[in-house]
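Heads up, the thing below is written out as structure tokens.
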Amino acid sequence: MSKDNKRGRLRFLQGLGLGMVALPASLKMLMGKNLSSDGPNTKATSPVSGKTYQWKLVTTWPPNFPILGEACTLFSQWVETMSAGRLKIQVFGGGELVPALECFDAVSNGSAEMSHGAAYYWAGKSSASQFFASVPFGMNAQQFNSWLIGGDGLRLWEELYAPFNLVPFPGGNSGVQMGGWFNKEIKSIADFQGLKMRMPGLGGKVLSKIGASPVLISGGELYTSLERGVIDATEWMGPFHDYKMGFHEIAKYYYFPGWHETGTQLEFTVNKDKYESLPIDLQEIVRSACMRVNDWLLYTLEYQNALFLEKIKTETEVSIRNFPDAVLQSLREASAKEIEIIANKDAISKKIYDSYQAFRTRIDPWSKVSERMYYTGINI
Ligand code: CA
Numbered sequence: 000m001s002k003d004n005k006r007g008r009l010r011f012l013q014g015l016g017l018g019m020v021a022l023p024a025s026l027k028m029l030m031g032k033n034l035s036s037d038g039p040n041t042k043a044t045s046p047v048s049g050k051t052y053q054w055k056l057v058t059t060w061p062p063n064f065p066i067l068g069e070a071c072t073l074f075s076q077w078v079e080t081m082s083a084g085r086l087k088i089q090v091f092g093g094g095e096l097v098p099a100l101e102c103f104d105a106v107s108n109g110s111a112e113m114s115h116g117a118a119y120y121w122a123g124k125s126s127a128s129q130f131f132a133s134v135p136f137g138m139n140a141q142q143f144n145s146w147l148i149g150g151d152g153l154r155l156w157e158e159l160y161a162p163f164n165l166v167p168f169p170g171g172n173s174g175v176q177m178g179g180w181f182n183k184e185i186k187s188i189a190d191f192q193g194l195k196m197r198m199p200g201l202g203g204k205v206l207s208k209i210g211a212s213p214v215l216i217s218g219g220e221l222y223t224s225l226e227r228g229v230i231d232a233t234e235w236m237g238p239f240h241d242y243k244m245g246f247h248e249i250a251k252y253y254y255f256p257g258w259h260e261t262g263t264q265l266e267f268t269v270n271k272d273k274y275e276s277l278p279i280d281l282q283e284i285v286r287s288a289c290m291r292v293n294d295w296l297l298y299t300l301e302y303q304n305a306l307f308l309e310k311i312k313t314e315t316e317v318s319i320r321n322f323p324d325a326v327l328q329s330l331r332e333a334s335a336k337e338i339e340i341i342a343n344k345d346a347i348s349k350k351i352y353d354s355y356q357a358f359r360t361r362i363d364p365w366s367k368v369s370e371r372m373y374y375t376g377i378n379i
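Counted from 1, the sequence shown has number 142 at position 143 by numbering that gives the first Met the number 0; the numbering is strictly sequential.
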């Protein structure tokens with residue numbers, strides 16, 4: 000190395016050292032400008048105190064629902080430990096304190112302080128909420144969380160929920176779901192004609208556009224409905240939860256991918272007034288525990304799905320198949336039209352959709368040379 004190069008490298012290292020000393024101030028500036036998704040934009044907070052709080056967490060899941068309900072119990076334990084017992088949170092399954100689909104209102108009006116569920120259940124409150132759970136052919140868990148945490152997603156989610164007196168936090172992700180259980184092969188889009196399939200939300204609307212009959216049936220009645228032919232097909236989640244529902248006993252084909260739920264984001268909501276009245280350290284504890292659930296739930300589910308896919312392959316007669324490309328293309332086109340409809344419902348939906356789409360357009364080329372190449376070119 001020449002003397003000049005050596006000097007230049009030394010200056011660079013010294014510069015780094017200076018930069019690091021200066022980092023807190025510059026980071027602070029950055030946080031204000033670009034990293035606003037690090038935390039909710041709430042009002043001034045109460046100082047730390049020894050006061051204790053008792054909260055209620057209502058969920059849209061049946062009591063003790065595997066992984067999703069368990070995550071809420073863990074959340075409560077983590078918060079209690081981190082706060083040395085100053086914040087105790089009692090968890091209620093759907094229907095135990097309020098009906099599952101009334102969680103949003105319960106937290107909004109303060110009859111419960113928190114909820115855990117998925118934002119697409121609240122499409123009736125604001126159609127834009129669907130962008131914070133899942134849209135057909137949408138972003139996957141990694142991309143979506145990148146939008147939330149690295150991009151503007153969480154800030155927009157806070158903006159959407161603020162008029163409802165709610166603060167949202169990420170609360171896990173299902174990962175890519177499966178396409179569903181069928182008793183006939185899907186060779187072309189025509190095979191959906193007249194097919195009675197359980198599929199809620201936007202996916203259901205897309206199905207009706209291609210000639211199928213989407214049916215809304217609660218989880219508890221799904222098995223018998225499929226067994227008795229009340230419906231011809233159903234989607235649920237992924238191999239872990241689907242196996243536990245027993246669909247492999249009554250359906251011949253298990254299709255992938257879950258085009259309608261490519262990475263369904265789950266949420267915590269917190270009553271905004273109650274959140275802001277917490278001392279600042281308890282606010283941080285709630286936020287940190289939510290983020291821990293966000294990781295725990297996705298990664299636990301990914302592993303369990305892998306184990307149960309193996310189980311379905313080795314222990315059952317079920318044929319696991321992918322939807323033909325042409326079928327996916329037709330579903331994609333029908334989905335784009337449905338998403339346009341929600342995006343144009345009102346100004347906030349448009350704003351959120353524009354951010355979602357812009358982020359996606361930006362991240363897709365990166366995903367193609369990183370994640371996609373990993374799966375197609377290196378390992379699988
Ligand atoms: Ca599903």
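Even for Gly, the Cβ is constructed at its ideal location relative to N, Cα and C.
Being a predicted model, the structure only gives us computed values, none of them experimental.
Check                                                                                                          : Outcome
6 Å CB neighbourhood of Asn182 in its chain, flanking five on each side removed                                : Ala250 and Lys251
Proximity winner among Ser212, Trp180, Gly178 and Met177, relative to Gln192 (alpha-carbon distances)          : Ser212
For Ser48, the three-state DSSP class (helix, strand or coil)                                                  : coil
Nearest-angstrom Cβ-Cβ length linking Asn172 and Gly262, presumed shorter than 8 Å                             : 6 Å
Uninterrupted alpha helix (DSSP H) stretches inside the stretch 143-182 (no shorter than 4 residues)           : 152-160
Proximity test, Cβ basis, 9 Å: Asn182 and chain D                                                              : Included in the structure is just one protein chain, with no chain D present.
CA-to-CA distance, Glu337 to Ser346, given in whole angstroms                                                  : Before going on, a small fix: residue 346 reads as Ala here, not Ser. Rounded to the nearest angstrom, the two C-alpha atoms are 17 Å apart.
Span of the beta strand (DSSP E), counted from its first residue to its last, around Lys344                    : Segment: none, Lys344 is in no beta strand (DSSP E) and carries neither H nor E.
Contact test: Ser173 Cβ vs ligand 1 heavy atom, cutoff 8 Å                                                     : yes
Any heavy atom of ligand 1 nearer than 6 Å to the CB - residues listed                                         : Gln176, Glu234, Trp235, Met236 and Glu260
Neighbourhood of Gly202 by C-beta, 6 Å cutoff - its chain only, sequence neighbours within 5 removed           : Pro135 and His259
8 Å contact criterion, which Ile66 and Thr233 should meet: CB distance rounded                                 : At roughly 20 Å, the Cβ-Cβ gap does not stay under 8 Å, so Ile66 and Thr233 are not in contact.
Helix, strand or coil at Asn321 according to DSSP, with G and I counted as helix                               : strand
Sequence-distant residues of its chain with Cβ nearer than 6 Å to Leu225 (five each side left out)             : Thr233 and Ile249
Met198 classed as buried or exposed, judged by whether at least 16 other C-beta atoms fall within 10 angstroms : buried
Cβ-Cβ distance between Gln53 and Lys87 below 9 Å                                                               : yes
Gln328 - DSSP class collapsed to helix/strand/coil                                                             : helix
Tyr253 vs Asp241 beta-carbon contact at 9 Å                                                                    : yes
Nearest-angstrom Cβ-Cβ length linking Pro256 and Gly178, presumed shorter than 8 Å                             : 6 Å
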